[in-house]
Every structure is written in C-alpha cells, then in structure tokens.
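K.L.:
Number of protein chains: 2
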Amino acid sequence: MPRSQIEFYYGNVMADAIGPKHGITARQLQALAKRTSPLIAKLNEERRAGNTPYRDLPYSKETPQRVKKVVAELKDKCENFVVLGIGGSALGIIALQTALKPYMHNIYEKKRTGPRFFVFDNVDPSQFASFLHWIGNKLGKTVFNVISRGGQTAETISQFMIIRRLLSRRFGARSLRKHVVVTTCFNHNPLHRIATNAALPCLEIPAGVGGRFSVLTPVGLFSAAMCGIDIDSLLAGARDMDKKVSRKNFYKNPAAINAAINYHFYNRGKKISVMMPYSYALKDLADWYRQLWAESLGKAKNLKGRLVHIGPTPVRALGVTDQHSQVQLYREGPNDKLFTFLQVNSFDKDPKIGAAPRCAPEMAFLAGNNLSTLLNNEKKATEYALLQDRRPCLTVLFDKVDEYTVGQFIYLYEVTTSFAGALFKINPYNQPAVELGKQATFALKGKQGDYKPGYTYQEWAKEICSRTKIDKNFRV
Amino acid sequence: MPRSQIEFYYGNVMADAIGPKHGITARQLQALAKRTSPLIAKLNEERRAGNTPYRDLPYSKETPQRVKKVVAELKDKCENFVVLGIGGSALGIIALQTALKPYMHNIYEKKRTGPRFFVFDNVDPSQFASFLHWIGNKLGKTVFNVISRGGQTAETISQFMIIRRLLSRRFGARSLRKHVVVTTCFNHNPLHRIATNAALPCLEIPAGVGGRFSVLTPVGLFSAAMCGIDIDSLLAGARDMDKKVSRKNFYKNPAAINAAINYHFYNRGKKISVMMPYSYALKDLADWYRQLWAESLGKAKNLKGRLVHIGPTPVRALGVTDQHSQVQLYREGPNDKLFTFLQVNSFDKDPKIGAAPRCAPEMAFLAGNNLSTLLNNEKKATEYALLQDRRPCLTVLFDKVDEYTVGQFIYLYEVTTSFAGALFKINPYNQPAVELGKQATFALKGKQGDYKPGYTYQEWAKEICSRTKIDKNFRV
Numbered sequence: 006m007p008r009s010q011i012e013f014y015y016g017n018v019m020a021d022a023i024g025p026k027h028g029i030t031a032r033q034l035q036a037l038a039k040r041t042s043p044l045i046a047k048l049n050e051e052r053r054a055g056n057t058p059y060r061d062l063p064y065s066k067e068t069p070q071r072v073k074k075v076v077a078e079l080k081d082k083c084e085n086f087v088v089l090g091i092g093g094s095a096l097g098i099i100a101l102q103t104a105l106k107p108y109m110h111n112i113y114e115k116k117r118t119g120p121r122f123f124v125f126d127n128v129d130p131s132q133f134a135s136f137l138h139w140i141g142n143k144l145g146k147t148v149f150n151v152i153s154r155g156g157q158t159a160e161t162i163s164q165f166m167i168i169r170r171l172l173s174r175r176f177g178a179r180s181l182r183k184h185v186v187v188t189t190c191f192n193h194n195p196l197h198r199i200a201t202n203a204a205l206p207c208l209e210i211p212a213g214v215g216g217r218f219s220v221l222t223p224v225g226l227f228s229a230a231m232c233g234i235d236i237d238s239l240l241a242g243a244r245d246m247d248k249k250v251s252r253k254n255f256y257k258n259p260a261a262i263n264a265a266i267n268y269h270f271y272n273r274g275k276k277i278s279v280m281m282p283y284s285y286a287l288k289d290l291a292d293w294y295r296q297l298w299a300e301s302l303g304k305a306k307n308l309k310g311r312l313v314h315i316g317p318t319p320v321r322a323l324g325v326t327d328q329h330s331q332v333q334l335y336r337e338g339p340n341d342k343l344f345t346f347l348q349v350n351s352f353d354k355d356p357k358i359g360a361a362p363r364c365a366p367e368m369a370f371l372a373g374n375n376l377s378t379l380l381n382n383e384k385k386a387t388e389y390a391l392l393q394d395r396r397p398c399l400t401v402l403f404d405k406v407d408e409y410t411v412g413q414f415i416y417l418y419e420v421t422t423s424f425a426g427a428l429f430k431i432n433p434y435n436q437p438a439v440e441l442g443k444q445a446t447f448a449l450k451g452k453q454g455d456y457k458p459g460y461t462y463q464e465w466a467k468e469i470c471s472r473t474k475i476d477k478n479f480r481v
Numbered sequence: 006m007p008r009s010q011i012e013f014y015y016g017n018v019m020a021d022a023i024g025p026k027h028g029i030t031a032r033q034l035q036a037l038a039k040r041t042s043p044l045i046a047k048l049n050e051e052r053r054a055g056n057t058p059y060r061d062l063p064y065s066k067e068t069p070q071r072v073k074k075v076v077a078e079l080k081d082k083c084e085n086f087v088v089l090g091i092g093g094s095a096l097g098i099i100a101l102q103t104a105l106k107p108y109m110h111n112i113y114e115k116k117r118t119g120p121r122f123f124v125f126d127n128v129d130p131s132q133f134a135s136f137l138h139w140i141g142n143k144l145g146k147t148v149f150n151v152i153s154r155g156g157q158t159a160e161t162i163s164q165f166m167i168i169r170r171l172l173s174r175r176f177g178a179r180s181l182r183k184h185v186v187v188t189t190c191f192n193h194n195p196l197h198r199i200a201t202n203a204a205l206p207c208l209e210i211p212a213g214v215g216g217r218f219s220v221l222t223p224v225g226l227f228s229a230a231m232c233g234i235d236i237d238s239l240l241a242g243a244r245d246m247d248k249k250v251s252r253k254n255f256y257k258n259p260a261a262i263n264a265a266i267n268y269h270f271y272n273r274g275k276k277i278s279v280m281m282p283y284s285y286a287l288k289d290l291a292d293w294y295r296q297l298w299a300e301s302l303g304k305a306k307n308l309k310g311r312l313v314h315i316g317p318t319p320v321r322a323l324g325v326t327d328q329h330s331q332v333q334l335y336r337e338g339p340n341d342k343l344f345t346f347l348q349v350n351s352f353d354k355d356p357k358i359g360a361a362p363r364c365a366p367e368m369a370f371l372a373g374n375n376l377s378t379l380l381n382n383e384k385k386a387t388e389y390a391l392l393q394d395r396r397p398c399l400t401v402l403f404d405k406v407d408e409y410t411v412g413q414f415i416y417l418y419e420v421t422t423s424f425a426g427a428l429f430k431i432n433p434y435n436q437p438a439v440e441l442g443k444q445a446t447f448a449l450k451g452k453q454g455d456y457k458p459g460y461t462y463q464e465w466a467k468e469i470c471s472r473t474k475i476d477k478n479f480r481v
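Protein chains in written order, with our numbering: chain A, 6 to 481; chain B, 6 to 481.
1. Roughly how many angstroms separate the alpha carbons of B:V320 and B:V185, rounded to a whole number?
2. Any idea what DSSP makes of A:R40, helix, strand or coil?
3. If we ignore side chains and look at the alpha-carbon of each, how far apart do A:Q331 and B:R295 end up?
4. Give the secondary structure of B:R71 by DSSP, where H, G and I count as helix, E and B as strand, and everything else as coil.
5. If I measure Cβ to Cβ from A:A203 and keep anything under 7 Å in the same chain, skipping five residues before and after, which residues do I get?
6. Cα-Cα, which of A:E78, A:I99 and A:G93 is closest to A:A87?
7. The alpha helix (DSSP H) with A:H110 in it runs from where to where?
8. Nearest to A:Y272 by CA position, among A:Y113, A:A212, A:K342 and A:V439, is which residue?
9. I want to verify the contact list: residues of chain B whose CB lies under 7 Å from the CB of A:C364, in sequence order.
10. Could you please tell me which residues of the stretch 439-456 of chain B, in chain order, have their CB closer than 7 Å to any CB of chain A?
11. Is A:S284 buried or exposed, if buried means 16 or more other CB atoms sit within 10 Å of its CB?
12. Work out the CA separation of B:M368 and B:L380 for me, nearest whole Å.
13. Let's see if you can read the secondary structure: which residues bound the beta strand (DSSP E) around A:D404?
14. Just the Cα atoms here: how many angstroms apart are A:G412 and A:T41?
15. If we ignore side chains and look at the alpha-carbon of each, how far apart do B:V406 and B:R179 end up?
16. Please check if any C-beta of chain B sits within less than 8 Å of the C-beta of A:E423.
17. Alpha carbon to alpha carbon, what distance is there between B:F479 and A:Y14?
18. Less than 8 Å separating the beta-carbons of B:G324 and B:M281?
19. The alpha helix (DSSP H) spanning A:P223 covers which residue range?
20. Expressed to the nearest angstrom, what Euclidean distance is found between the alpha-carbon atoms of A:K467 and B:R217?
21. Express the C-alpha separation of B:T158 and B:F191 in angstroms, rounding to a whole number.
22. What are the start and end residues of each continuous alpha helix (DSSP H) run of 4 or more residues lying completely inside the stretch 193-273 of chain A, in chain order?
23. Alpha carbon to alpha carbon, how far is B:N263 from B:K276? Give it in angstroms, no decimals.
24. If we cut at 8 Å on Cβ distances, does B:L172 have a partner in chain A?
25. So what does A:V151 bridge to, in DSSP terms?
26. Does chain A have any CB closer than 8 Å to the CB of B:T387?
27. Should A:Y108 be flagged as near chain B, meaning a C-beta pair shorter than 8 Å?
28. Within the chosen definition, does the stretch 369-377 of chain B reach the stretch 352-360 of chain B through at least 3 CB pairs nearer than 8 Å?
29. Give the secondary structure of A:F424 by DSSP, where H, G and I count as helix, E and B as strand, and everything else as coil.
30. Report yes if the CB atom of B:I415 is closer than 8 Å to the CB atom of B:V220, and no otherwise.
31. Can you tell me where the beta strand (DSSP E) holding B:Q4 begins and where it ends?
32. Taking the DSSP output, what are the residues bridged to A:L172?
33. Name the chain A residues that come within less than 8 Å of B:I358, Cβ to Cβ?
34. Would you mind working out which of B:F136, B:R117, B:P437 and B:Y389 sits nearest A:H138, comparing C-alpha positions?
35. Which of the three DSSP states is assigned to A:R480 in this structure?
36. For the stretch 408-436 of chain A, enumerate the residues whose C-beta is nearer than 8 Å to any C-beta of chain B, in chain order.
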C-alpha cells in the first residue's frame, strides 16, 4: 500500500494567479532555477562530506534502538512524563505531541494511551509552582527528561536542580536514576557530568547537530517513543523526503523550489513569512518552523565593509481561528507577507454537523456537513480572498497527519532552510547573537567571568542594570 | 491599601538609549505630542457623544449583576465549562483564564477551584472529536457558553448544532436550558432566535461594541465569573486606567503616548510590533492584543485616489522561551521591529533553585535563587542585548498579575488602539476585508445568495474552486 504523502504546491505565487507586480513570472522562475540549481549539487556535496550531519539522522539504526531500550525500561512505571528543555530542546518535541496525540490526551483518564505529557520550556515561577503543586504526590510515577545540548542552559539546569532536590528528599539520592533521563552531548559538559556521576540513563545528541535541527535525534525521538508515537515511521517519512530534496532537477525538488520562492519574495519586500496550518494538530509544527527559520536565517553579514541585516520574520497563524483575528490585516494591510498554508485532506475523526432548528433557516445550509468539509472550504475561501488582493500563497498538502507525513514535513523544512541559507549567503547553522543575552544573564546572577573587555563582571552587571532600569522620566 | 498597578515605560525607545538613527529624539517626541494632543480631546469628545461605547463598559452596574445571577444558577452543577466562540468571542476569554487561573487548572483534580475550562475556537475535526470522545459521559455536569455577536458565525453555529443534537438525544430537547448559555446581540439574529425559542439563558452583547473590544461585556465576564475570577476587580482596574487614558496631558496619558510611539516607528519602517511577556500568565493577553491590533489597524485607505495599505503586523512572543527561538533574528535581522515587553515585579509563588552537585561547579551560581530573579534578570539581559543593536524597547510593568492589573492592561490597549486609529486616520472599529472570505465559505457550502454581481452562487463557488485548486503543473 502506498504510504501517505505531503506535496508542495506553488501555483498561487505565480503571476498568473496574482498578477506580474506581485507574482513570480515564468521568466523569474527560470532565473530562480538557474541560481538555485548549482546549490543543489553543492548541498548534496556538503552532505557527502559530512558537513551537515542532520541530513543523516533518519538513517541511524542505533539511535532508535537505544531510545526504545530506555523506553522499555521506564514505560511501565511512568504515568507522567515531563520534559525540561527550551528552544530546540522543546519545540520539536511539542510539535510531535500536538501532531500525533489526541487533543484531550492529558485530560483523558481511562481513555489515555501513554503517560500524561508536559514540557516546561520557561522559568516562569507561577507556572512551575503550579506544576510542582500538582505533581506532589505523583512523583513516584513520574519520569523527567532533562535536555540540554551544551549541558549548561541556565533555565533547564535551574528546573532540574529543583526537581533533583525534590526527588532526593522524597526517595533518596539514588532514586534519581529511576526518574531522570538526560539527553545531551557526550562531551563532559556539566549536565553530562551530573548524569554520569549519578548513573542516570543518558541519550546522546550528536555533536554536529544544532538544537533546531535536532528533533530527529533522541531529543525528539525519546519523548515521542515514550508517548507511543511510531518513531520508525517518522524516520521513514524523513528518508522518503530525503530522496525528493536531493533531486538535481530544481522543478522536482520541493526544498530547493520552496527556498527559492521564499528568497524571491523576501528580496521583493515581503519580509514576513506566515505559516498557517488548517489543522490544530499541525499548529505547533508552525511554531517549530518559527525557530528554524528565524534562528537560521536571521543573520548580519558583511557586504563590502557594510553590515547588512538579513532575515524573514516567521509568523505562526492558525486556520480557521485566525481568519477572525488576522485576515483583515493580511488582506488590507501592506502586501509584505508570503503565506504558507498547511492543508490536510483526510482526518481520522470527522464529526457531522446537526440540523438547525426551524426558527433559524439561515443556518440550515450547514446541516449534514462534516467539520472537515467546512474547514477545508474555509481554507479555499481565505486563499481566494487573499488572491483577490494579490497576496502570494503556498500550500503544503498532507494526505493525512501521521508519523510518516510529519517526518516528511520536518525534513522538507530543515533542508529548505539549508537552501535558503545558501541563497542568502549566510551560515544557517550558528546563532552568534544569542550569546550576549546569555552572558548578561550570567553576569547579573553573579557568575564570575571575563565577559566584556576592561570590565569586571560586577561592573558589567552594573552597566546592564543601569541601561535597563526604569527611569522615572519616561514612566507613565 | 493602594492597589497593584501597571506602568508604561518608554525610556528605551529614545535616542539617548539607542541612538538618533533609530531612537526618538526629544524634538520628535515634541512633534508627536503636538500631533497627538488634539486627538485626546477628540477621543474624549467622541466618548461623551456615545460613539465609542466600549469606553463605558467598566461602569455598567447591570452587566456584572446579570452575569453573576446566571453564574449562581449554574455554578453548582457545572464541572466542565466549555466556550464555543471564535475571534473576539474567544481570545479575551482565553487571555483572562491564562492570566488568572493556575497553569495546571484543568489537570488538577482535588485542588481545582471552579470547573474545568475549555474554549473551542476552531472547527478542526480531530480536535473537536477528541473533546466529544472525552465529554461523553460527563455531559450531565457540563455547561456550554455559545458566543456569537452576529449570531450566524458558521464555525460557532456548527459546533453548537453538534452539541445541541448530543444534549437533546441524551437528555431531551428541554434539557438544553440547563446546559447552554447564549451570549449574543439581542437583535433577533439566528442564534438569538434559537435561544429565545428554547428559553435558554441569554446574555446581551451591546450592539455598538465590536468583537475585539468586547472582553469587558458578558462575552468575557461570564466565563471569568463561572471560573471564579473576580470580575468586579477586573472592571475596577479598567476604570482606574480610564482616568489615565483620558488625561489631556500627552506625557501623562499612557494610551496616547503608546499609540504615538507605535505610529512613529511604523512610519519609520518598523512595521512589526512584537509583544513579549516575561510571564506565562500574560502569554494570551499578547494573543488578544494580536487581534486587537491587526484587525483594528490593518486597513486600506484612499489617499488622493491611491489605495494605501496600512497596518503594523503584531507578533506574540514569550520570554524567556523565545530567547531560544527568536532573539537571534531580533538582534541580527532587519531593524524592523518595535518590542513591547510585559514585566511582572512580584509572583504569587516563587520556587527556589536547589544546589548543584559538586561535579558541576559551573552551575553553582544558580543555587538559592528564586525563579523570578532568573526570569527578570533574563528580561534585563535580553533588553540590554537588543539595545546594543539599537532596537527600540517598550515595557509595561505589572506590580503583579491580578484582576485589577489585567483590567488596566486591557483598557490601556483598547484605548491605545483608538488613538492609533486616529493617528493613522483609519476606522479602527470595522473589518470590511473579513467579509469576502465568509461569503466565499457560504457559497462553497451551497448557501444561496447574491454574492458577486453577474454570478449565481453556484457559478461563484465554481470560480473559487478553480482559483484554489491544486494545479498539477505547480505541484512537487
């Protein structure tokens, strides 16, 4: 049986659909093909040279085996599964759960398959306190997955130190190994050392894979497998897409063409990229994409001695919900956005709309329809309205939402990001600008260090406080 | 005892903080004061003339009384409270809950105060089916609040027709009045007629108040009161802010100065407005703001015969979470954003970070700190990093998050929107561009009507399908 697929559709960014002022003409598409085609060979070459190790993740045999082994050891005793992680150690994990588990998963009692599932990707005191309040007498059947690539993420370690104290006091220090799984790089970073010393189960993040490209490492796979998601199918979907995004023919390569179209519109003033799934399940994949796109492509580069700031701003939206929130702006506001819809052809469940009472004949037309018909008609209607205002629209079509198509989608967008980086001529794999904020946090918290030339850490902390203090003169 | 307050701080948008190229100079601020001051008198006059009825909502005595009466009748039998509504009939409701109820509210069993709380603001088949699956044997203790201003919102009526059939089959048609509360305009719209005919409890949305300005009508107040939120305090906070936003002195009026600053930056190429709460509780107020700002200010206007497209794009972010997702772009990407941080001085609960083990001395600096210290230091650190790159930053300071400060915030941003509309010279209260998509949905669903001159509804539906069909030529 052929497996479910995703497809990339770009007819409605073309000049035929929205006119030559905003749309891509046949000639422009040829120019994009010419510019992008050499990059296909280049990316394939880089991949062969081992420079983009994220490309090989779907082929690992050991990783899913190792992950399943840890799952098998813990699964039976686990009623609550809690991820402590942030950024690339959270967004892919959340996206998989929202896509592949029922909406009411955590609320279900008897109907629940797999443990309750939580991700804490913040250090909000009220939020975390509410969780601690709840977990109190349930700690015994709870597993925490502490995830940090570099092993010294202040937020994640802080949460871990709270949980560690709690578990140690309740069950003794040796209990930790039954309740905590650590996912990190195996490079003797602080978290790795803690895990080794306390003999905690440990899963490795390959060194060359950045956080936002790590969902197909144990970062994403372990929590997925713990909750009953079929990780083999997820990886198979990614491998399927790998074939497509390696194709030398630009017109047959969905990552190349997607990146080229995004690049084209950015250069023509459409600096905002809206991803709008018409599926609640796909909502958090748009959030995962938001990090992937922003952190990879938001870069300053030196162009003939001038600093140039590059980077489309990704925006997540949700159909139909945001029709009643954002579409007024999307249609009448500045034509500065490229839209990517995610559309699902077939849903696992599909409630039928009941009859309207006789006193409301205006609503009778809804009766007997399934919700999916309404949802997908609204996607068409919204796209039509945007096209009337000459706004460019892409669509990624999902046969259905399952592990296989989600795996395809993840891999498609990761490789699209690599192509976009090559087109913008920036390095999509680093994030130099995140460092300053981290260091400033360290200095403010009194961590010794040489942060700023000519300043002690205390002097620098003082400067930061003075720059950000609330000055009476500008306070209302 | 003085009540908790919010304050608006704009020191870090000034040229002194980020330089004269990107910051506001003293002279520019004076020019903004000169341009905006007459609008203060104008808005105060419009309000007295009754043209902006949302301004009077916090003063109603009848509304909270009526709301509390319905709450008193239903509260004891209600274990699950479900809102069916979308856009302005959902976002304010969600924002109040996230702000004022514990994070784990729906998961709590014994510790829960008030009913479980759900909002369905979509017609996603899988999501709604998951809910129906769960609610099955709990329907008897469930109250639905069906909210639609115009009473014919296709999404909300569709959900209601599913629920109506379910309740009727289970408990008989007369049971509806025990399980459904309708909130709508009392103008004999379809929903109002259904409610009247079935003798359902009904709450009125004042005719002149648009959806996105309706959170302080029964739209927002009823669900809040059902869940134990102090609506009197919410309204008192709004009244408190009303005094401030009516002040004639531009420099003392937080709504006027906020709107003027936003207007200034939009006109200087900063077309994206990022609202970034450093508080999980305030997360969905940023989403509420997103509709308020986009739908009110995203407008096309005729300028000397030319159509001009106006409208900042609001983006919601979350501190510290999005530091690990968006800050790379915010610092190194184009300087096209104005940032508004929401900062909370005091949290109700504040877990303390435990000690790090001896093998990880790098993390010892965290021990003994409360999470709130870390959170607010990270806000400072991120703001400092953005200022280094000359990005303008506003802050709204909350003494703490409670009904009173949330009421202030809501009212501040509603009136800020009115000021911004006046500065942009557009009507912030309509949403003409939403209509086309609604009509296209109707036509696609076979609802008869005269939608497009010269077309039958079937012909128009055919055109919409042809414009949005997936053409083989552009499919990868």
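All C-beta atoms in this analysis are idealised placements derived from N, C-alpha and C, irrespective of residue type, glycine included. Since we're looking at a predicted model, the values are computed, not measured.
P.N.:
If we stick to the structure as given:
1. Across the structure, B:V320 and B:V185 are spaced so that their CA atoms are roughly 35 Å apart.
2. A:R40 sits in a helix when the DSSP states are folded into three classes.
3. Roughly 8 Å separates the two Cα atoms.
4. Here B:R71 sits in helix by DSSP.
5. Excluding sequence neighbours, A:A203 sits near L181 and R182.
6. Ala is not the amino acid found at residue 87 of chain A; the sequence shown has Val there. The option with the nearest alpha carbon to A:V87 is A:I99.
7. Boundaries for A:H110: no alpha helix (DSSP H) harbours it, and the DSSP string shows neither H nor E there.
8. Note on identity: in this sequence residue 272 of chain A is Asn, with Tyr being the wrong assignment. The closest CA to that of A:N272, considering only A:Y113, A:A212, A:K342 and A:V439, is found on A:K342.
9. Near A:C364 (Cβ distances below 7 Å), the residues of chain B are R198, I199 and N202.
10. Answer set for the stretch 439-456 of chain B: V439, L441, G442, A445, T446, L449, K450, G451 and K452.
11. Of the other Cβ atoms in all chains shown, 16 or more fall within 10 Å of the Cβ of A:S284; this residue is therefore buried.
12. B:M368 has its alpha-carbon roughly 16 Å from the corresponding atom of B:L380.
13. Per DSSP, A:D404 belongs to the beta strand (DSSP E) from C398 to K405.
14. Going from the Cα of A:G412 to the Cα of A:T41 covers about 24 Å.
15. Using only the alpha carbons, I get a separation of about 41 Å.
16. It is Ser, not Glu, that sits at residue 423 of chain A in the sequence shown. For A:S423, no CB of chain B lies under 8 Å from its own CB, so it is not counted at the interface with that chain.
17. Rounded to whole angstroms, A:Y14 to B:F479 spans 6 Å at the Cα level.
18. Cβ atoms of B:G324 and B:M281: closer than 8 Å.
19. Judged by DSSP secondary structure, A:P223 falls within the alpha helix (DSSP H) whose first and last residues are P223 to M231.
20. About 42 Å.
21. Rounded to whole angstroms, B:F191 to B:T158 spans 15 Å at the Cα level.
22. Taking 4 residues as the minimum length, the alpha helix (DSSP H) runs contained wholly in the stretch 193-273 of chain A are 195-202, 223-231, 236-250 and 259-272, in order along the chain.
23. The straight-line gap from Cα to Cα measures roughly 15 Å.
24. So no, B:L172 is outside the interface.
25. As DSSP reads the structure, A:V151 sits in a beta bridge with A:L89 and A:V187.
26. Yes, B:T387 lies at the interface with chain A (some Cβ there is under 8 Å from its Cβ).
27. For A:Y108, the nearest CB of chain B lies under 8 Å from its own CB, placing it at the interface with that chain.
28. Yes, the stretch 369-377 of chain B touches the stretch 352-360 of chain B.
29. Three-state DSSP puts A:F424 in a helix.
30. In contact: B:I415 and B:V220 (Cβ atoms closer than 8 Å).
31. Past the boundaries of the shown model lies residue 4 of chain B; chain B is included only from 6 to 481, so the question cannot be answered.
32. Residue pairing by DSSP leaves A:L172 without any beta bridge partner.
33. Within chain A, the residues placing a beta-carbon under 8 Å from that of B:I358 are S163, M166 and I167, ordered along the chain.
34. Of the residues B:F136, B:R117, B:P437 and B:Y389, the one whose Cα lies closest to the Cα of A:H138 is B:R117.
35. Strand, per DSSP.
36. Taking 8 Å as the cut-off between beta carbons, the residues of the stretch 408-436 of chain A near chain B are Q436, in sequence order.
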